[in-house]
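Only one structure is covered here, and it is reproduced in the block below.
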RNA sequence: CGAGAGGACCGGACGGUCGCUCCGCGGGCUUAGCCCACGGGGAGGAAAGUCCGGGCUCCACGGGUCGAGGUGGUUGCUAACGGCAACCGGCCGCGAGGCUAGGGAAAGUGCCACAGAAAACAAACCGCCGCGGGCGGCCUCCGGGCCGGGCGCGGUAAGGGUGAAAAGGUGCGGUAAGAGCGCACCGCGGUCCUGGUGACAGGGCCGGCAGGGCAAACCCCACCUGGAGAAAGACCAAAUAGGGAAGGCCGACGGUUGAUGACCCGCAUCCAGGACCUUCCGGGUAGGUCGUUCGAGGCCGGGCGCGAGUCCGGUCCCAGAGAAAUGACCGUCACCCCUCCUCGGAGGGGGACAGGAUCCGGCUUACAGGUCCUCUCGCGCC
RNA sequence: GGGCGACUAACUCAAUUGGCAGAGUGCCAUGUUCACAGCGUGGAGGUUACUGGUUCAAGUCCAGUGUCGCCCA
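Numbering (our numbering), first residue to last: 905 to 1029.
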């Protein structure tokens, strides 16, 4: 199984993010807030939103982004296909580790995806 | 050895596994593209702050003056600069060196609180000194003499006091007391000479002294500046709506009896018109491509220059992302700290400031640890 | 990426041309009341965001740094 992360695995337009925030279901943990929404594609896509309030310095902010992306890359096949996943840091001044982020990512996406099914029973079929 | 001054530089190294991106070459497929394999490139000295200057792009543009903003020793360097170099002056340091917005206050305006007599036209509070008349006290050889405080007129700027600042400083002479009043040295102003491209420096002569500070207050002088900024700008260009042109179709109702077929009705053709169809054209949104990395470029050698730099030759291609890559997890070895001890090992911990977004030249700010060179002062030894 | 602004007592704001940093609310003490509120009296509280410079003197002028906020799209 290839653990690739290609450009088409990334949410690229403001419309994608707006749809996720408007229609998606959310879940929150110690490290992550996640938003999930179906995207009508066969694969799962990732969106990152790491703002300036998390860390003032770009190096620290990039560290958070890169760890989130790495966790998504490694766990992509454990997630439901055909959804958009937006990851947002849960706290300011976050210093995540890869192991914790991977565990929390899988758990929270599953939780949010179940919530989406309860909210939209028709689409689930 | 200790204490310091200046400058240059580094910013862990190597390897493994899984990934990202660009370029080259080859291959495959369902061929605007996607995928695979191989080789190569992939953050910084500040990439940062955005404080200056330029390249580049678009807009505006006849010239001059005024205004506004900026800069401010001189000479150079540079594409340019508020940068840099060398030099000059001032201040600080025993010194190596450091700091320096450092033009003009005899163009004008303004400000100088409090204190103080007085804060800029100069003047005189306490003083000091002289003269005048009067008062009191003491002495007396009865002529007067001495002392005291007060008043009036005048001299003075030494002393006191205030202040950040009060009409050069020190010394000697001089005087009723004083004062550049006179003299010497220092300072200052003018003028001439010499040296220097120059800022300035040195010297001669003359003048007894002109005159406060603030221009990062207004201002004057000299010089500089058109505006916007890559989200600049150029090109390609869906879907939908709308605009224009041509053709088709309709022209049944409706068209001052629309025109023609002499006239009327019908009919035909044509015209106007049309909410329909096709094709084309231009504008233009989403989206895409370019701008976009070969450049005031790096390295090496040589020439010129004290230097900043510059010229010549050789050589190299050295990040180009785009919801935005340069990452994640390990191992080994160096470096630093702590603990243990069989003094050489074992165990544990640590490594700063910080991430390109159009590109350069500077400035400023942040920074663990470390390397090298030159110089100064002190102590000791030879 | 580019262009601007603000920062003064615990809070909200003043401070002329540079000349002793103030006001209201709040806080503390005290009086009044059986008690509380209110009112009266007195008082404390400041590195003027920070670091330098100009000046005799800086909250004010100049430069740099930090934090917060706004605008362009």
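Even glycine gets a Cβ: it sits at the ideal position worked out from N, Cα and C.
Using three-state DSSP, classify residue 1013 as helix, strand or coil. On the first chain, residue 1013 is found 109 positions in, with the first residue counted as 1. Three-state DSSP puts residue 1013 in a helix.
Measure from the alpha carbon of residue 962 to the alpha carbon of each residue in 934, 946, 989, 997, then state which is nearest. Within the first chain, numbered from 1, the residue matching residue 962 stands at position 58. Taking only the C-alpha atoms, the option nearest residue 962 is 997.
Whole-angstrom Cβ separation of residue 924 and residue 990, contact assumed at under 8 Å? As a working note, residue 924 is residue 20 in the first chain. As a working note, residue 990 is residue 86 in the first chain. At roughly 5 Å, the Cβ-Cβ gap stays under 8 Å, so residue 924 and residue 990 are in contact.
Of the residues 1016, 933, 987, 967, the one placed nearest residue 1004, counting alpha carbons only: Here residue 1004 refers to the residue found at position 100 when the first chain is read from its first residue. It is 933.
Kindly indicate which residue of 1021, 912, 1010 has the alpha-carbon position closest to the one of residue 938. Taking the first residue of the first chain as 1, we reach residue 938 at position 34. Among 1021, 912, 1010, the Cα nearest to that of residue 938 is on 1010.
Return helix, strand or coil for residue 967, following the three-state DSSP convention. Within the first chain, residue 967 is the residue found at index 63, counting from 1. Note: residue 967 maps to helix in three-state DSSP.
Buried or exposed: where does residue 1029 fall if 16 or more other Cβ atoms within 10 Å of its Cβ makes it buried? Here residue 1029 corresponds to residue number 125 of the first chain, with the count starting at 1. Any reading at residue 1029 needs caution, since the residue's pLDDT is 38, under 50, leaving its predicted position unreliable; the model's value is listed next. Residue 1029 should be labelled exposed.
On the criterion of 16 or more Cβ atoms from any shown chain inside 10 Å, does residue 1000 qualify as buried, or is it exposed? Taking the first chain and counting its residues from 1, the one referred to as residue 1000 is at position 96. Buried, by the Cβ-count rule.
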